[in-house]
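**Q** In the numbering used here, the protein residues as written are 2 to 58.
Think of the CB as a built atom: it goes at the ideal place given N, C-alpha and C, for glycine as much as any other residue.
Note that the structure is predicted; figures quoted are calculated from it, not measured.
Following this message is one structure expressed as structure tokens.
So this is what it looks like as structure tokens:
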């Protein structure tokens with residue numbers, strides 16, 4: 002799943018980027034960079050992010 006797909010799902014679930022950042026223990030700025038495709042999503046964060054959004058692995 003790409004950063005943009007994560008962003009779309011997050012918005013659909015009405016979850017703020019700050020909440021995702023807090024749950025993943027990263028900065029909101031880092032979430033924004035990954036959602037915009039400016040930074041790759043490390044596999045450990047990808048897994049946790051999918052979990053937070055309730056997505057199947």
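1. Could you check how far apart the C-beta atoms of residue 18 and residue 9 are, in whole angstroms? I think they sit under 8 angstroms.
2. Using the rule of at least 16 other Cβ atoms within 10 Å of the residue's Cβ for burial, across every protein chain shown, is residue 4 buried or exposed?
3. Would residue 12 and residue 50 qualify as a contact pair, given that the criterion is a beta-carbon distance under 8 angstroms?
4. Please state if the CB of residue 14 and the CB of residue 54 are separated by a distance shorter than 8 angstroms.
5. Here's a check: name, in chain order, each residue in its chain whose Cβ is nearer than 8 angstroms to the Cβ of residue 28, leaving out the five neighbours to either side.
**A** The answer reads as follows:
1. Incorrect: roughly 13 angstroms between the Cβ atoms, too far for contact.
2. buried
3. no
4. yes
5. 22
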